[in-house]
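In my numbering, the protein residues as written are 81 to 195. Cβ atoms here follow ideal geometry from the backbone N, Cα and C, with glycine treated the same way.
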C-alpha cells in the first residue's frame, strides 16, 4: 500500500474471480468499501472466466460513479471475442465505451459503468 496523503491510498492484492471470493475480498481486504476504479489488462484467455469476471466487477465496483477500465488484447490462440465480453457486460447491467483503440497491436481499452 502506498499513501500519498492522509486520504489517498493505492494498493494491490490478489483477487480470485467469482461472487463468493469477491464478497470475501470485499469484507476482509476492502473492509466493505467498494472501489471507485478497477483496472484490468490482458485478462481474457477463456470463455469460462467471463461470467466470474462480471460477478467480481459487480460485487466490488461502486455503483455511483465507479468505473472498470479494461484493456483487451487480441490473441490468436484465445477463442474469446471481445463481443462475448461486451455482451456479458450488458447482461450484468453495465454500459461501456471504447476509449482507446490500437488496431496495429490489436489492443482496445474500454470503460464500463453501471447503467
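Check	Outcome
C-beta contact flag for residue 124 and residue 117 at 9 Å	no
Status (buried if at least 16 other CB within 10 Å, exposed otherwise) for residue 137	buried
Cβ-based neighbour list, residue 154, same chain, cut-off 7 Å, excluding 5 preceding and 5 following	186
Neighbourhood of residue 180 by C-beta distance below 6 Å, restricted to the same chain and skipping five residues each side	189
Span separating the alpha-carbon of residue 144 from that of residue 152	24 Å
For residue 168, the nearest candidate out of 134, 101, 95, 183 (CA to CA)	134
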